[in-house]
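Asker: One structure, pasted below without further comment.
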């Protein structure tokens, strides 16, 4: 019975990830990114994003603080995922502490999603301040006063996508708990 539940939740997780990726692609096509061309490499995107956060932090420290919070939650999430893998793969005998890592993974996933949503929310006033105080710098990132409504719509759509991502992580955690229960 647990094997079937495990397979069910792995399947639900994969379907949810496919839905998430398709919706993210749809959002990116309908509301293209204002700061980066699509063809840029991941390193160039990271570098541009770092420059954007530095520029926005001149007018509000909130985006910088939220970016740090995202990094902390992401580190905790990967640590819990590593704990899940270690407790499941390394030991032949699994006991009740093995169930702590999946719960930590779920908590850190919710924390990460909250930090990402908050980061998107806090960047909007910083963009408005940047447009008011230094319109040339904002224009170099592709953000002008007339493109601000599109940025708000993109932010709203991306924030709504986090719920689907959380659903996929929840299915993953349930599948991990089922796998640990099978071994237990």
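Numbering (the UniProt record's numbering), first residue to last: 1 to 184. Every residue, glycine too, gets a C-beta built ideally from N, C-alpha and C. Quick caveat: nothing in here was measured; it's all calculated off a predicted structure.
Are the beta-carbon atoms of residue 108 and residue 73 separated by less than 9 Å?
Answerer: Working through the chain shown from its first residue, we reach residue 108 at position 108. Working through the chain shown from its first residue, we reach residue 73 at position 73. Yes, they are a contact pair.
Asker: Could you name the residues of the same chain whose beta carbon sits closer than 8 Å to that of residue 127, not counting the 5 residues immediately before and after it, in chain order?
Answerer: Here residue 127 refers to the residue found at position 127 of the chain shown. Cβ neighbours of residue 127 beyond the five flanking positions: 56, 138, 143, 148 and 151.
Asker: Counting only the same chain and skipping the five closest in sequence on each side, list residues whose C-beta sits under 6 Å from that of residue 62.
Answerer: Along the chain shown, read from residue 1 onward, the residue named residue 62 stands at position 62. The residues are 122.
Asker: Are residue 181 and residue 2 touching if we call contact CB-CB under 9 Å?
Answerer: Locating residue 181 in the chain shown gives position 181, where the first residue counts as 1. Locating residue 2 in the chain shown gives position 2, where the first residue counts as 1. Yes, Cβ-Cβ distance for residue 181 and residue 2 is below 9 Å.
Asker: Between the Cα of residue 60 and those of 130, 77 and 103, spot the shortest distance and give me the residue it belongs to.
Answerer: Mapped onto the chain shown, residue 60 falls at position 60. Checked all of 130, 77 and 103; the closest Cα to residue 60 is 130.
Asker: According to DSSP, simplified to helix, strand and coil, what is residue 119?
Answerer: As a working note, residue 119 is residue 119 in the chain shown. The answer is helix: DSSP assigns residue 119 an H, G or I state.
Asker: Can you name, in chain order, every residue of its own chain whose Cβ lies under 8 Å from the Cβ of residue 161, other than the five neighbours on each side?
Answerer: Along the chain shown, one-based indexing puts residue 161 at 161. The answer, listed in chain order, is 20, 23, 24 and 27.
Asker: Are the C-beta of residue 22 and some C-beta of chain B separated by less than 9 Å?
Answerer: Absent from the structure: chain B. Only one protein chain is present.
Asker: Buried or exposed: which applies to residue 132, given that a residue is buried once 16 or more other Cβ atoms fall within 10 Å of its Cβ?
Answerer: Reading the chain shown from its first residue, position 132 is the one you call residue 132. Exposed, because fewer than 16 other Cβ atoms sit within 10 Å of the Cβ of residue 132.
Asker: Looking only at its chain, what residues have a beta carbon closer than 6 Å to the beta carbon of residue 159, apart from the 5 residues adjacent to it on each side?
Answerer: Locating residue 159 in the chain shown gives position 159, counting from the first residue. The residues are 117 and 120.
Asker: State the DSSP-derived secondary structure class of residue 142, mapped to helix, strand or coil.
Answerer: In the chain shown, counting from the first residue as 1, residue 142 sits at position 142. Of the three classes helix, strand and coil, the one that applies to residue 142 here is coil, per DSSP.
Asker: Quick check: what's the CA-CA separation for residue 112 versus residue 79?
Answerer: Mapped onto the chain shown, residue 112 falls at position 112. Mapped onto the chain shown, residue 79 falls at position 79. Approximately 13 Å, taken between the alpha carbons.
Asker: Between which two residues does the alpha helix (DSSP H) harbouring residue 149 extend?
Answerer: What you label residue 149 is simply residue 149 of the chain shown in a count that begins at 1. Run containing residue 149: 148-183, per the alpha helix (DSSP H) assignment.
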